[in-house]
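Trainee: The letter at position 670 of the sequence shown is residue 678 when you use my numbering, and the numbering goes up by one with no holes.
Heads up, the beta-carbon is just placed ideally off N, CA and C, and yes, glycines get one too.
For clarity, every value in this text was computed on a predicted model and none was experimentally measured.
Quick one: the structure is below, questions incoming.
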Amino acid sequence: MRRCFELILSILPVMLFPQPGNPAPVGTQIDAPEGLQMLVREATCAEASATSSAKLNGTALSDVTSSSNGTRTIFYVSPDGRDTWSGLLPTADDQGGDGPFASIEKARDAAREKGGTNMIALGKGDYYLTQPIVFDARDKGLILTARCNEAPILHGGQRVRDWTRQADGRWTAPLKLPPGEGVGDLFVNGIRQIRARFPNAPADGDPRKGWLFAAKCEPAIDMREGNTRFCFHAGDLPAVDDTSGLVVDIVGGYQPGSQWGNDTLPVVSIDAARRTVHTKGTGYFFTAEGSRYFLTGGKALLDAPGEWWYDLAAGQLHYIPVDQSLPNSVVVAGILPTFFKLEGANGMVVSGLEIRDGAPEGSGKFYTETRGYGAIRIEHADGVKIVGNSIENVGVGVHVTESKDALIAGNVIANVAGNGVYVGTNYGTFGKSNGPRILSNHIHDIGKVYIETAGIWFQAADNVWIANNLIENTAQFGIAGGSLWGSNDAVYDAVIEHNVIHNANQQTADGGAIKMMGEQADPLNSIIRSNVVTGTGHLMNRVDGSFWPPGYENTSEWPSPISWAIYTDGKASGVRIEGNTLSGNVAAIGINGGWSNVVAGNVITHGSGAAFRVDDGTGRGWRPPWARPNRIEENVVSADSDSGIVAYVNTPDLGLGFVQFARNRYSGNLNNNSFRISPEIMRSGEFGSLGDLQKVGADTGSVVAPPE
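Following this line, the structure appears as structure tokens:
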């Protein structure tokens, strides 16, 4: 084991910071984030030696400890400490008259009083936070870290004790919270439990189970009313006398059977006679026949092991345990969506901490900033470094708003309700978060509540560098970037390279592993290169509640699930997709609007859908004067499906001026119907062969390799 770890460390500088065009070794990338996390923790812990810090020299993380040069006062914190002590000792003295502080707030205030740049060192043990800890401009350059070889664990809520078993098998415990607060999530021995729901969550975790499906309303309602009400089939819902606290988690879209959005909407009322659920809807979310949903948060829904319900009025938690060892378990009521808020605290470092068990808010649309909260939230604070932490069971892992030169590296971020990392802006102010570096994090199991999310989501940020992250099991995107609101949140000069993304888009009908948006319709000057993407899927049901099979793609069907390994969207232009290895996905690479994009030198194998999908749907009939054709060239494609489409091009308004193919090498099961091209281009017919594509001048120099 030691030899394996030494090997990881020996190759880390190459793996983490490869030169452009120099792919990192794929076989070892999976171990890199955890290896880096250990290395960073050793280099940044409170008593770190110069030798430990020097291990980061020569890498892009060498500046993590540069701000620690010079004399710093260390203020110690421990669960066994007291805020009446000086905080200057790591443990209590022999007389018990002095020692570490008990709270991080007290250490922060002492560091402010001392002045200069100082350090707060947390000792081992559990810290139960009841309110966010706020740092500001007075905390410039402060390092918040762990003592060396110690593991502080910060929980975003109270530990629940004094359980009483009731006659019906439920357990209850007192839990008094401040006015207006509630329990966001419940964790038993570090595992998220299930808020009482109907239908019950499937025991096997199958995402195709545990749903109800919206019915067609009679009489029909206007589409725009679908954001405040939907109809249900007779017999679907149980009688619910009290809808207070009841929420519908719904996946819906603009037309029957489509699911392009997700939200959690409070229920206003349920009209049993008209079979209608009325919600506090939004102006940008719609439901239709076939939208899938479940109800959650009602007392009457508490009926299955692992489910819980909080009675706010009585201050009592109700829970049905999975087993009867509950009194000996560590149970935490997750209350805080934000643990640390760094507001104007330039140059702060947060490292070596375990942050877990918070509230799930942060990525939903209703009554929340769309990308809000964050277990660590950085706002108007430049040069902040979040390194070597473990962040789990929270709403959003790290949130960066209008803050420049953030470094997020070597963290493990897992089992979050929404986004793993968000970098961007506030709607309305639109300040940019330029220069972020998001490096060698292990981000997995993302979108546990809000499915329109990503392992890494960025907007309103230039000079973005996202490299060597391992991202696994995401509800929609592995990495998603670019503008949603046009020039206000535009992204330029982004580099996304050497990342490994497994099993993206496991919960939505439209998504992928890596996406770039460009609603402002100008060149992004960005590159997506040398990434490895596997297992990108989709999840979509028909109106009758049946689901399309995994990996399904039919370019003749609409609405229909869509899934790409890598794609551009929303008029994104000037993006280079180069040297990526894409295997076992649905569609491989898509251009959905935009111009002057280049797809070159990628290796595509074992896909169930088209290797290339090109659509001008977001820019029909309009072409900016600077636009050049999208180019797809020098890629290596193995067509493994007997009846699959190798390339699908739907550009009726722009024709040959929108896409050009050149010097690609195809092998496998190609035939006379392998290319589906708009009839305006493929005049011989919509379906054709590579030769047909070349006859109309849409391809130059591509070949079909002979069977081996």
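Evaluate contact between the stretch 107 to 114 and the stretch 182 to 190, counting only Cβ atoms and requiring at least three cross-stretch pairs below 8 Å.
Mentor: In short, these stretches do not touch, since the Cβ pair count stays below three.
Trainee: In whole angstroms, what separates the C-alpha of tyrosine 500 from that of arginine 584?
Mentor: Distance between the alpha carbons of tyrosine 500 and arginine 584 is about 12 Å.
Trainee: From glycine 489 to glycine 582, what distance separates their C-alpha atoms?
Mentor: Roughly 14 Å between the two C-alpha positions.
Trainee: Is aspartate 214 helix, strand or coil when you go by DSSP?
Mentor: In the structure shown, aspartate 214 sits in coil (DSSP, three-state: anything other than H, G, I, E or B).
Trainee: Say whether chain D places a C-beta atom closer than 8 Å to the C-beta of cysteine 225.
Mentor: The chain inventory of the structure shown lacks chain D, comprising one protein chain alone.
Trainee: By how many angstroms is the C-alpha of leucine 532 removed from the C-alpha of phenylalanine 438?
Mentor: Taking the straight line from one Cα to the other gives about 18 Å.
Trainee: Answer yes or no: do leucine 344 and leucine 194 have a C-beta to C-beta separation smaller than 8 Å?
Mentor: No. Outside cutoff.
Trainee: Would you list, in sequence order, the uninterrupted beta strand (DSSP E) runs of no fewer than 3 residues that lie entirely inside the stretch 441 to 524?
Mentor: Here the runs fully enclosed are 445 to 447, 450 to 454, 462 to 466, 473 to 475, 478 to 482, 485 to 491, 503 to 505, 508 to 510.
Trainee: Pair every Cβ in the stretch 349 to 361 with every Cβ in the stretch 386 to 406, then say whether three or more of these pairs are closer than 8 Å.
Mentor: Counting Cβ pairs under 8 Å, three or more are found: they touch.
Trainee: Mind the definition here: the stretch 328 to 345 touches the stretch 293 to 301 only if three or more C-beta pairs lie below 8 Å; say whether that holds.
Mentor: These segments do not touch.
Trainee: Using the Cβ count rule (16 or more neighbours within 10 Å means buried), how would you classify lysine 122?
Mentor: Looking at its Cβ environment, which holds fewer than 16 other Cβ atoms inside 10 Å, lysine 122 is exposed.
Trainee: If I measure Cβ to Cβ from arginine 90 and keep anything under 6 Å in the same chain, skipping five residues before and after, which residues do I get?
Mentor: The answer, listed in chain order, is Ala110.
Trainee: Do you know how far the Cα of valine 168 is from the Cα of tryptophan 317?
Mentor: Whole-angstrom Cα-Cα distance: 14 Å.
Trainee: Around the C-beta of glutamate 561, are 16 or more other C-beta atoms found within 10 angstroms, so that it is buried, or is it exposed?
Mentor: Looking at its Cβ environment, which holds 16 or more other Cβ atoms inside 10 Å, glutamate 561 is buried.
Trainee: Beta strand (DSSP E) containing serine 277: first to last residue?
Mentor: Run containing serine 277: 269 to 279, per the beta strand (DSSP E) assignment.
Trainee: If you pair each beta-carbon of the stretch 453 to 463 with each one of the stretch 424 to 433, do three or more pairs fall below 8 Å?
Mentor: They touch, by the three-pair rule.
Trainee: With a threshold of 6 Å on Cβ separation, who are the neighbours of glycine 609 within its own chain once the five nearest residues in sequence on each side are excluded?
Mentor: Contacts found: Glu586, Gly587, Glu642.
Trainee: Which of the three DSSP states, helix, strand or coil, is assigned to threonine 613?
Mentor: The answer is strand: DSSP assigns threonine 613 an E or B state.
Trainee: Only counting the same chain, and skipping five residues up and downstream in sequence, which positions put a Cβ closer than 8 Å to that of glutamate 42?
Mentor: Contacts found: Val420, His450.
Trainee: Counting only the same chain and skipping the five closest in sequence on each side, list residues whose C-beta sits under 7 Å from that of glycine 705.
Mentor: If we look at glycine 705 and ignore the five residues flanking it on each side, its Cβ neighbours are Leu664.
Trainee: Taking 8 Å as the limit between beta carbons, can you name the residues of its chain near lysine 148, skipping five residues before and five after?
Mentor: Here the set comprises Thr125, Ala353, Asn354, Gly355, Met356.
Trainee: How would you label glycine 543, buried or exposed, when you count the other beta carbons within 10 angstroms and need 16 or more for buried?
Mentor: Classification for glycine 543: buried.
Trainee: Relative to the C-alpha of glutamine 484, which residue among Gly545, Asn477, Arg537 is closest?
Mentor: Ranking the options by Cα distance to glutamine 484, first place goes to Gly545.
Trainee: Could you work out which residue in Pro329, Asp279, Trp268, Gly602 is closest to tryptophan 566 when comparing CA atoms only?
Mentor: Checking every option, the nearest Cα to that of tryptophan 566 belongs to Trp268.
Trainee: Let's see if you can read the secondary structure: which residues bound the alpha helix (DSSP H) around glutamine 702?
Mentor: Glutamine 702 -> alpha helix (DSSP H) spans 698 to 703.
Trainee: Less than 7 Å between C-beta atoms, sequence neighbours within five positions excluded: which residues of the same chain meet that for tyrosine 381?
Mentor: Contacts found: Pro345, Thr346, Glu369, Gly370, Gly403, Val404, His407.
Trainee: DSSP three-state call for aspartate 230: helix, strand or coil?
Mentor: In this structure, aspartate 230 counts as coil in the three-state DSSP scheme.
Trainee: Pull the bridge partners of phenylalanine 695 from the DSSP assignment, please.
Mentor: Arg684.
Trainee: Roughly how many whole angstroms lie between the Cα atoms of glutamate 158 and glycine 131?
Mentor: Cα-Cα distance, rounded: 6 Å.
Trainee: Sort Tyr435, Gly323, Asp214, Val358 by Cα distance to glycine 188 and report the nearest one.
Mentor: It is Gly323.
Trainee: Restricting to runs no shorter than 3 residues, where is the beta strand (DSSP E) found entirely within the stretch 130 to 182?
Mentor: Segments of the beta strand (DSSP E) lying fully in the stretch 130 to 182: 133 to 136, 141 to 143, 151 to 154, 160 to 163, 165 to 167, 179 to 182.
Trainee: Rank Asp453, Ser534, Gly601, Ala595 by C-alpha distance to the C-alpha of alanine 517 and give the top, closest one.
Mentor: When only C-alpha atoms are compared, the closest one is Ala595.
Trainee: Candidates Asp311, Ala119, Asp279, Gly652: which alpha carbon is nearest alanine 209's?
Mentor: Of the candidates Asp311, Ala119, Asp279, Gly652, the one whose C-alpha sits nearest the C-alpha of alanine 209 is Asp311.
Trainee: Looking only at C-alpha atoms, which of Leu69, Ala129, Cys239, Glu688 sits nearest to valine 551?
Mentor: Of Leu69, Ala129, Cys239, Glu688, the residue nearest in Cα terms is Cys239.
Trainee: Which whole-angstrom value is the C-beta distance of isoleucine 612 and serine 649, which I expect to be below 8 Å?
Mentor: So it is not a contact: roughly 12 Å between Cβ atoms.
Trainee: Grab me the residues of alanine 469's own chain with a C-beta within less than 7 Å of its C-beta, minus the 5 sequence neighbours each way, in chain order.
Mentor: The residues are Val431, Gly432, Lys440, Ser441, Asn442, Pro444, Val499.
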